[in-house]
Amino acid sequence: MKKIFSALFIILLLSACSNALDSSRTIVIAVALDYKEDAFQDKENNLVVNTLSNPPNDLEAFTHQIDILSSGRDVERHIFLSQGGARRVNGKREEWDKETILSTISSLEAEENDLVLFFYSGHGMDGTGELVVSAKEGKMDKISPDELLTALSEVGGKKCVFLDSCYSGAFVEDAGMLADGEVFGEDGSLIKEGFLFSLGPALSLSITSGRLGTDDIWLMSATTDGQLSYDSGTEGLPNQEEYGAFSYFLISSLGYDMENDSPHISQERNEVTFLGLYRDIKRRMTESMWTEQTPQITLTPLDLVLF
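Oh and the sequence shown: position 266 is 278 in this note's numbering, straight run, nothing missing.
Okay, structure coming up:
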């Protein structure tokens, strides 16, 4: 029995080995909307798009922290912002929509060792998780999981996606099956936690050669496909009211100094990995918040070194 357990332990360790990334460039596509120009309520069709205060702050802090983490690399930025009724691309007044974002992704000339980061903070649609990038006059312009993941899968490099929106777990294949040794129910609630309960799913990933998600895409969502995300958390942490509930912990885990509200990099710089970020986000979130807004991750035995 002891030999069997040892074998299982070795397999689990192998399935979680790190996939190191020596990036030559960091490519950032970041999208955030406050919906000041798009807000509407259609009670007849049960459609509501309300204004959000914090997505622009999420985008600014995320991109500034990525800049400082990418020191020594070339950084290519594609920043799509809708704030106060004005749309901007890379800081300049310019109209943009779903097709602009998707065509920007498709036109990326990413090499094998490049790191491509996609960040979104805004509304997600009930039932589909679609990202709402415009809702002028009640007509929604939305990016579906298939559209985003297909566009990214056709680009070179290693792709990492962060979504702070309601129902964003719809973007994660088999969301709720396994998350760092945790088993969740269909409603996103935690059932069991610990090493032993992770063995079955981990072995399943090993047997299937490891990739249940789209190749070379690591994706983390703020919620399951049935949960809401929130414009800010309520734990009373430094400057928490200024950031999306999930984005706050994502940015903090990347190293952003929330006390001083500024990008930061430690002199004792530690390796930042995808699964390491997930674990740190979970550690920082309170249990009550975690069960109400449960981040999901792409199921893969390979970690990704980001910085």
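All C-beta atoms in this analysis are idealised placements derived from N, C-alpha and C, irrespective of residue type, glycine included.
Give the C-beta separation of residue i and residue j to the nearest angstrom, bearing in mind that I take them to be a contact with Cβ-Cβ under 8 Å.
| i | j | result |
| --- | --- | --- |
| A135 | C172 | The identity of residue 135 in the sequence shown is His, whereas the question assumes Ala. Going by Cβ atoms, the distance from H135 to C172 rounds to 22 Å, so no, they are not a contact pair. |
| Q77 | L266 | 5 Å |
| L114 | I39 | That pair is no contact at about 15 Å. |
| Y132 | L81 | Not confirmed; about 19 Å, so no contact. |
On the CB-based measure, 16 or more other CB atoms within 10 Å of its CB, does residue i come out buried or exposed?
| i | result |
| --- | --- |
| N66 | buried |
| T306 | buried |
| D192 | Residue placement at D192 is flagged as unreliable, the pLDDT there being 44, under the threshold of 50; the coordinate-derived value follows with that caveat. Exposed: under 16 other Cβ atoms inside 10 Å. |
| S264 | buried |
| S241 | buried |
| K104 | exposed |
| V61 | buried |
| S278 | exposed |
| K170 | buried |
| S83 | exposed |
| A147 | buried |
| E121 | exposed |
| S259 | buried |
| T310 | buried |
| A51 | exposed |
| G248 | exposed |
| D237 | buried |
| T285 | buried |
| S119 | exposed |
Confirm, please, whether the CB-CB distance from residue j to residue i is below 7 Å.
| i | j | result |
| --- | --- | --- |
| T116 | H90 | yes |
| K110 | D70 | no |
| D138 | R37 | no |
| A73 | Y290 | no |
| Q239 | G245 | no |
| T235 | S180 | yes |
Distance check for residue j and residue i, CA to CA, integer angstroms please.
| i | j | result |
| --- | --- | --- |
| E283 | F319 | 6 Å |
| V145 | D158 | 16 Å |
| R100 | W108 | 8 Å |
| H276 | G97 | 31 Å |
| M232 | G168 | 19 Å |
| E124 | L45 | 31 Å |
| S165 | I229 | 7 Å |
| L316 | F183 | 19 Å |
| S300 | A163 | 35 Å |
| E149 | N58 | 15 Å |
| V87 | D79 | 7 Å |
| F207 | R296 | Caution applies to F207, whose pLDDT of 43 falls short of 50 and renders its modelled position unreliable; the value that the coordinates give is listed next. Roughly 20 Å between the two C-alpha positions. |
| L262 | E271 | 15 Å |
| D243 | Y47 | 12 Å |
| L160 | L143 | 9 Å |
| G212 | T75 | Here G212 scores only 48 on pLDDT, less than 50, and its place in the model should not be relied on; the value that follows carries that caveat. About 37 Å. |
Taking only beta-carbon atoms, is residue i less than 7 Å away from chain D?
| i | result |
| --- | --- |
| M232 | As a matter of chain content, chain D is missing from the structure shown, which is built from one protein chain. |
Scan the stretch 221 to 287 and note each continuous beta strand (DSSP E) run of 3 residues or more that stays entirely inside, going in chain order. With a minimum length of 3 residues, the continuous beta strand (DSSP E) runs that stay inside the stretch 221 to 287 are 229 to 233.
In the stretch 31 to 82, which residue ranges form an unbroken beta strand (DSSP E) of at least 3 residues, counting only runs that do not cross its ends? 37 to 45, 52 to 54 and 59 to 61
Length-filtered (4 minimum) alpha helix (DSSP H) runs lying within the stretch 93 to 140: 110 to 118
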